[in-house]
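Below is one structure, written out as structure tokens; comments come after it.
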Amino acid sequence: MPAARELLLDAAFTALGTRPWHGVRMVDVAAAAGVSRQTLYNEFGSKDGLARALVRREAESFLAGVDRSLADVADRGDADAGDCCAAAAVWTLRAARANPLVRAALTGCRGERLPAQAAPAVPVPRTPPPSAARGAPVPAVLVERIRDSAAEAVGRTAGPDAADAEAIRRACEAAVRVTLSYVVAPAASDVEAAGQVARLVRALLDAPVR
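All letters in the sequence shown, in the order written, are residues 1371 to 1580 by my numbering.
This is the structure:
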């Protein structure tokens, strides 16, 4: 059985799907999770603490998905940098469309239905505090995490004539930022957006266009 913390986060996420965050009551979240309200406060301290933990969980789940999508492509054997960044783009676009908390964390924009922590205004420090004190992730931090994961995957696919690590890193960051532009202003399809991202990366790395 999931721990009380996960049950409470699941209940909060479900509640957010049916009403705005300001209308979500702690007593209802506790009841839906099958625990006492005191347990809820013991875990998160306050409604703001619950919101921060919820956004962190959704962002970390999203990042884990980015890593999986990159690994699937990088391990294929015939992939290049464009393929890796295209896979990360497709996952990002689908996750942002399906999960409003992920979209808010990526773009820094939240609607009235979401908690303020879904789009914090102040970046986290480079040396993060302990988990319990951490705030919700900000777009710049997520961009860095996706960029670094993509660059690592590209490095695994690179041949002897590959660009240097810094060029790969710059190309991956450009890919992430173009992907986020498609989150805000969608292309006709995720496939079209991913194709544009792949072509950009190949051009930046002087790789053959295909």
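Even for Gly, the Cβ is constructed at its ideal location relative to N, Cα and C. It should be emphasised that the depicted structure is a prediction, and the values quoted were computed from it without experimental measurement.
- 8 Å or more divides the Cβ of A1521 from the Cβ of L1575.
- Rounded to the nearest angstrom, the gap between the Cα atoms of M1396 and R1517 is 37 Å.
- It is roughly 10 Å from the alpha-carbon of L1476 to the alpha-carbon of A1465.
- In the DSSP assignment, P1509 falls within the unbroken alpha helix (DSSP H) covering P1509 to T1527.
- In this structure, V1511 keeps its C-beta atom at 8 Å or more from the C-beta atom of E1543.
- In the DSSP annotation of this structure, the continuous segment of the alpha helix (DSSP H) that includes G1419 starts and ends at K1417 to A1444.
- Under the three-state reduction of DSSP output, S1551 falls in the helix class.
- In the three-state reduction of the DSSP assignment, V1405 falls in the coil class.
- Between Y1552 and L1463 a beta carbon distance of about 6 Å is seen, short of the 8 Å cut, so the two are scored as contacting.
- Pairing C1454 with V1436 gives a Cβ-Cβ distance that is not under 8 Å.
- Taking every protein chain shown into account, the CB of E1413 has 16 or more other CB atoms within 10 angstroms, so this residue is buried.
- For the set E1430, I1538 and A1400, the Cα lying nearest the Cα of A1451 is the one of I1538.
- By the beta-carbon neighbour count (other beta carbons within 10 angstroms, threshold 16), E1428 is buried.
- In this structure, L1440 and A1382 do not form a Cβ contact; the two beta carbons are roughly 29 Å apart against a cut-off of 8 Å.
- Contact check for A1459 against A1474 fails: the beta carbons are separated by 8 Å or more.
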